[in-house]
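Student: Below you will find the structure I want to go over with you.
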Amino acid sequence: MDNYSIPKSPRIDKLVNALFEKMPEIESDRAVLITESYLKTEGKPIITRRAEAFANILENIPIVIRDNELIVGSSTKSPRGCQVFPEFSFSWLEDEFDTIEKRDADPFYISEETKETLKNIYRYWEGKTTSELATSYMAPEAIKAIEHNIFTPGNYYYNGVGHVTVCYDKILEIGYEGIIKEAKDELERCNVSDMNYASKSHFLNAVILSCNAVINYAKRYAVLAKELAQKCNDQKRKKELEKIAKNCDRVPKKGARNFYEACQSFWFVQMLLQIESSGHSISPGRFDQYMYPYYEADIKSGAINKEEAQELIDCIWVKLNELNKVRDAGSAEGFAGYGLFQNLIAGGQDGEGVDVTNDLSYMCIEASLHIMLPQPSLSVRVWNKTPQDFLIKAATLTRTGIGLPAYYNDEVIIPSLVNRGLTLKDAREYNIIGCVEPQKAGKTEGWHDAAFFNMCRPLELVFENGMDNGELVGVPTGDISQMKTFDEFYDAYKKQMNYCIELLVNADNSIDMAHRDRCPLPYLSCMIEDCIKKGKSVQEGGAVYNFTGPQGFGIANMADSLYAIKVLVFDKHLLTLEEYREALRNNYGKDVSINKIEHITKDIVRELLNKKIKVNEEQISKIATIVEHSIGIPQDKKNKYDKLLEEIDKIPKFGNDIPEVDSFARDVAYTYTKPLEKYKNPRGGQYQAGLYPVSANVPLGGQTGATPDGRLAHKPIADGVSPSAGKDVKGPTAAANSVSKLDHSIASNGTLFNQKFHPSALSGRAGLENFVSFIRGYFDQKGSHIQFNVVSKETLLDAQKNPEEYKTLVVRVAGYSALFTSLSRSLQDDIINRTEQIGF
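In terms of the UniProt record's numbering, the sequence shown opens at residue 1 and continues consecutively.
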């Protein structure tokens, strides 16, 4: 197959430009309609209430066909607008009504009318949300750990789950008429005396109701397109609208007969999943595989040519950027860039182990080259039979600096999934969800991205014997002054880790049960095996494969920190653990840190409490103010800390291909990945670790004190499995060699390796060839994933100063790409400060 380019239709630029005419807007239509339905269905089974609410929304939510569209269906009247979902949570949005338009990360416009509408609606939802129920299920210790920023499960705590790929191929083949028939046939096989008849029959009827609602929703678009066609004087557009009407009259009710119908059917599925559940990372998966039969047939028959097919794909890419979601301010920092993480993957092998790279695999890359926007979060699968031309095509996209695609290694991911219980055929057909999480499409409820676990915080608990801000948050692991060996200190860290992981599991399971009890999803579930056969939603364990995948981050910081302690305290005896603690509390003398103020304040408060003197929040605040004004660091101590930082800097760091350090990092990673896999979730599935941060390493780093690797308080934590910024000084190959020595297979929920190259490194054909060789070399050593920013530091600095000139600058953040100017300043700085490689 030639490594070709297909011209871009002028239509695409018009569609892209229309997306960015104004700030994303919050709309209230869905919230009004779901509340209206819930008021009418009090007392009915929750699965029935969910289906009736979904039907009411689809029957009444405003619909729109935008100028120049060939693929239609929008969840909001405004491009890049978003609906809100009060059944999951609402108080945070009400609290942010007056700040959300001006906040640093992902601002949204919200009208005064919408605010008033939502305020009235929210009165109904008090005490009825999944977040409130989840909190009631949690152990007090878990709630305390969340409050002290040991981990955060906020992703599903306040929102829908998503993080799934459904059976798109099945809908394209049989339509929702076929799904309805399956549900009715299963209902016929049920007997009223069956022990699960009540739950199963209500679930199946909810599926039927939901599917009929989708069919009727598509017909609303068919009617609208006909009306617009009748009024249209432009004959070309008139024919387009007539064709849209015919498409929507048929799909997704029936199976698609051609590529255009398949594209429209796919989009209805993708968009309506968002309307049902507010989940993000609803990922299209192997688009090039399930769409290919329709493309191939049309090309062979002459019904379509490659330019026409490319235009339809490009239109879908634009629509994927139209979807949006509003998050609370804290979560927006962790997911900055209006990310929806719709991961679409191309290439790889089929269930029989045969490479299936095809025309559409190339055309998916071409679509991203045409629109140059963050969605879909394009990925490619790589193995030893991946065509070289395909990887060169992918590298051509990487070279643009857009941060796409991400690269995934079949030779690591497939065995890791088999080890988790997938059949070999299913594992070979994996796709990626969200950032970096592998799963089998249409069979998995993976609960990927279930929590962010900050591996640095348990180390702080070791130094403070389990205490944090005057409270026992961890477990008492002993006074560090009594620890005589590094193994004793390391064991204390493992104990803190194990305890905090237990609390994370408690929190995740509580949230899992809350979604089961209050927000089962019949529409989503009808497209996941074996939900119809079992008569269970995915939230109840209806899927074939069930996992929970919280991610740990800070591997590099922890490896470098523990190694520094081992060398400086226990090998060279340059200082004691108590002296190290003092340096951390004082932020290495760099400022009178919040960290130090907190520690001194908590000591004072603890003394007062020991003397039976009660203090309230206002008094604690006054104590902190007095401490802040009274403390200072003498110059001799500052000099001492400067010398300590010099000694830390001399110690070898992870990311430089030093076997002793790399094997140490591998063991440190096990302190998170191994304990986690022994736990089970309420759906009967296993916990599996991921090692990636999305972009939470920045805001959660802001909640973390100084660390023994020389990182200052409140600075970002290392992202994913990447070396700490600026510490990988021996080039990209050395960094890749280090990262490959981690056990990527045990982190089967995904690992994330970021690299940043100066554009000159990929210049010319030779630059692309060298780049592809670099990827293959890393994957030969059992690395799992790698992704790239190809942009100069100077460009990023200029974009900070002149954002209006860089409105379309897209960069790789973590497991996703985003518009650089939409990111918070702290996240922009984190990307700027990453090590910039200039060659291979």
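Heads up, the beta-carbon is just placed ideally off N, CA and C, and yes, glycines get one too.
Computed from a prediction, not measured in an experiment: that's the story for all the values here.
Is it true that the CB of Arg399 sits closer than 8 Å to the CB of Val790?
Tutor: Residue 790 sits at position 790 when you count from the first residue of the sequence shown. Residue 399 sits at position 399 when you count from the first residue of the sequence shown. Yes, these two residues count as a Cβ contact at 8 Å.
Student: Could you spell out the range, first to last residue, of the beta strand (DSSP E) harbouring His448?
Tutor: Here residue 448 refers to the residue found at position 448 when the sequence shown is read from its first residue. That run of the beta strand (DSSP E) goes His448 to Asn454.
Student: Quick one: give me the first and last residue of the alpha helix (DSSP H) that Val32 is part of.
Tutor: Within the sequence shown, residue 32 is the residue found at index 32, counting from 1. Run containing Val32: Asp29 to Lys40, per the alpha helix (DSSP H) assignment.
Student: How many Å lie between Lys536 and Ile61 at the Cα?
Tutor: Numbered from 1 along the sequence shown, position 536 holds the residue referred to as residue 536. Numbered from 1 along the sequence shown, position 61 holds the residue referred to as residue 61. Using only the alpha carbons, I get a separation of about 28 Å.
Student: Check whether the Cβ atoms of Tyr672 and Met455 sit closer than 8 Å, and answer yes or no.
Tutor: Within the sequence shown, numbered from 1, the residue matching residue 672 stands at position 672. Within the sequence shown, numbered from 1, the residue matching residue 455 stands at position 455. Taking 8 Å as the Cβ cut-off, Tyr672 and Met455 qualify as a contacting pair.
Student: Measure the C-alpha to C-alpha separation of Val214 and Lys425 and round it to an integer number of angstroms.
Tutor: Here residue 214 refers to the residue found at position 214 of the sequence shown. Here residue 425 refers to the residue found at position 425 of the sequence shown. Straight-line Cα distance between these residues: approximately 32 Å.
Student: Taking contact to mean at least 3 C-beta pairs separated by less than 8 Å, is the region 446 to 465 in contact with the region 548 to 561?
Tutor: Yes: at least three Cβ pairs fall under 8 Å.
Student: Buried or exposed: which applies to Met195, given that a residue is buried once 16 or more other Cβ atoms fall within 10 Å of its Cβ?
Tutor: The residue labelled residue 195 in the question sits at position 195 within the sequence shown. That one is exposed.
Student: State the CB to CB distance for the pair Tyr158 and Ser331, rounded to an integer number of angstroms; the pair is presumed to be in contact (CB under 8 Å).
Tutor: As a first step, residue 158 is located in the sequence shown; it is residue number 158 there, counting from the start. As a first step, residue 331 is located in the sequence shown; it is residue number 331 there, counting from the start. About 7 Å; that satisfies the 8 Å criterion.
Student: Helix, strand or coil: which one does DSSP assign to Phe547?
Tutor: The residue labelled residue 547 in the question sits at position 547 within the sequence shown. Three-state DSSP puts Phe547 in a strand.
Student: For Val811, which residues does DSSP report across the bridge?
Tutor: Start at 1 with the first residue of the sequence shown, and residue 811 comes out as number 811. Partner(s): Ala818.
Student: Can you look up Asp2 in the DSSP assignment and give me helix, strand or coil?
Tutor: For the purposes of this step, residue 2 is taken as residue 2 along the sequence shown, with counting starting at 1. Here the model assigns Asp2 a pLDDT of 47, short of 50, so the residue's position is not dependable and the matter cannot be decided.
Student: Kindly provide the ranges of any alpha helix (DSSP H) runs that are 4 or more residues long and lie completely inside the region 480 to 536, ordered along the chain.
Tutor: With a minimum length of 4 residues, the continuous alpha helix (DSSP H) runs that stay inside the region 480 to 536 are 486 to 518, 522 to 525 and 531 to 534.
Student: Going by the DSSP bridge assignment, what does Gln349 pair with across the sheet?
Tutor: Looking up residue 349 in the sequence shown gives position 349. Looking at the DSSP assignment, Gln349 forms a beta bridge with Asp355.
Student: On the three-state DSSP scale, how would you describe Ile282?
Tutor: In the sequence shown, residue 282 corresponds to position 282, counting from 1. Looking at Ile282 - three-state DSSP - the assignment turns out to be strand.
Student: Measuring alpha carbon to alpha carbon, tell me which residue in Ser621, Ile71 and Ser277 is nearest Val251.
Tutor: Walking along the sequence shown from the start, residue 251 turns up at place 251. Looking at the Cα atoms, Ile71 is the closest of the given residues.
Student: Tell me whether the beta-carbon of Ala53 lies closer than 8 Å to the beta-carbon of Ala206.
Tutor: Within the sequence shown, the letter at position 53 stands for residue 53. Within the sequence shown, the letter at position 206 stands for residue 206. Not in contact: Ala53 and Ala206 (Cβ atoms no closer than 8 Å).
Student: For Cys167 and Lys440, I'd like the C-alpha separation in whole angstroms.
Tutor: Reading the sequence shown from its first residue, position 167 is the one you call residue 167. Reading the sequence shown from its first residue, position 440 is the one you call residue 440. In a straight line, the C-alpha of Cys167 is about 10 Å away from that of Lys440.
Student: Exposed or buried, Asn587, counting other C-beta atoms within 10 Å across all chains shown (16 or more means buried)?
Tutor: As a working note, residue 587 is residue 587 in the sequence shown. Under this definition Asn587 is a buried residue.
Student: Helix, strand or coil for His785, going by three-state DSSP, please let me know.
Tutor: Within the sequence shown, numbered from 1, the residue matching residue 785 stands at position 785. Three-state DSSP puts His785 in a strand.
Student: Pick helix, strand or coil for Glu445, following the three-state DSSP scheme.
Tutor: Taking the sequence shown and counting its residues from 1, one reaches residue 445 at position 445. Looking at Glu445 - three-state DSSP - the assignment turns out to be strand.
Student: For Phe268, which of helix, strand or coil comes out of DSSP?
Tutor: Here residue 268 corresponds to residue number 268 of the sequence shown, with the count starting at 1. Three-state DSSP puts Phe268 in a helix.
Student: Between Cys364 and the rest of its own chain, which residues show a CB-CB distance below 6 Å, the 5 nearest in sequence each way excluded?
Tutor: Here the question's residue 364 lines up with position 364 in the sequence shown. So the list reads Asp288 and Ala346, once near-sequence residues are dropped.
Student: Let me confirm a value: Gln837 is counted as buried when at least 16 other C-beta atoms fall within 10 Å, else exposed. Which label applies?
Tutor: Position 837 of the sequence shown holds residue 837. Buried is the call here.
Student: So, Thr152 versus Ala450, is the Cβ gap smaller than 8 Å?
Tutor: As a working note, residue 152 is residue 152 in the sequence shown. As a working note, residue 450 is residue 450 in the sequence shown. No, Cβ-Cβ distance for Thr152 and Ala450 is not below 8 Å.
Student: State the Cα-Cα distance for the pair Leu608 and Thr601, rounded to the nearest angstrom.
Tutor: In the sequence shown, counting from the first residue as 1, residue 608 sits at position 608. In the sequence shown, counting from the first residue as 1, residue 601 sits at position 601. One C-alpha to the other measures close to 11 Å.
Student: Any idea if Lys622 is buried or exposed, counting beta-carbon neighbours within 10 angstroms, 16 or more meaning buried?
Tutor: Here residue 622 refers to the residue found at position 622 when the sequence shown is read from its first residue. Exposed: under 16 other Cβ atoms inside 10 Å.
Student: Give me whichever residues DSSP pairs with Cys82 in a beta bridge.
Tutor: For the purposes of this step, residue 82 is taken as the residue at position 82 of the sequence shown. Ile26, per the DSSP bridge assignment.
Student: Could you please give me the residues that DSSP links to Leu378 through a beta bridge?
Tutor: The residue labelled residue 378 in the question sits at position 378 within the sequence shown. Looking at the DSSP assignment, Leu378 forms a beta bridge with Leu344.
Student: Starting from the C-beta of Ile150, find all residues in its chain whose C-beta is less than 6 Å away, skip the five residues before and the five after it, and write them out in chain order.
Tutor: Locating residue 150 in the sequence shown gives position 150, counting from the first residue. Excluding residues within five positions, the ones whose Cβ falls inside 6 Å are Arg457 and Cys500.
Student: Grab the span of the alpha helix (DSSP H) containing Ala759 for me, first residue to last.
Tutor: Counting from 1 along the sequence shown, the entry for residue 759 is found at position 759. A small fix is needed here, since residue 759 is Pro in this sequence, not Ala. Segment: none, Pro759 is in no alpha helix (DSSP H) and carries neither H nor E.
Student: Quick one: residues in its chain with C-beta nearer than 6 Å to the C-beta of Gly154, no 5 flanking neighbours on either side, listed in chain order?
Tutor: Position 154 of the sequence shown, counted from the first residue, corresponds to residue 154. So the qualifying residues of the chain are Ser331.
Student: With a CB to CB cut of under 6 Å and the five nearest residues on each side skipped, what residues in its chain are close to Met1?
Tutor: On the sequence shown, position 1 is the one that residue 1 refers to. Per-residue confidence for Met1 stands at a pLDDT of 42, beneath the threshold of 50, marking its modelled position as unreliable; the derived number appears in the next sentence. Nothing meets the Cβ criterion.
Student: Which of the three DSSP states, helix, strand or coil, is assigned to Met467?
Tutor: The residue labelled residue 467 in the question sits at position 467 within the sequence shown. Met467: strand per DSSP, three-state reduction.
Student: Would you mind working out which of Gly702, Tyr563 and Tyr692 sits nearest Gly720, comparing C-alpha positions?
Tutor: Taking the sequence shown and counting its residues from 1, one reaches residue 720 at position 720. Cα-wise, what sits closest to Gly720 is Tyr692.
Student: For Asp591 and Pro716, which I take to be in contact (beta-carbon distance under 8 Å), what is that distance rounded to the nearest angstrom?
Tutor: Here residue 591 is taken as the residue at index 591 of the sequence shown, counted from 1. Here residue 716 is taken as the residue at index 716 of the sequence shown, counted from 1. That pair is no contact at about 17 Å.
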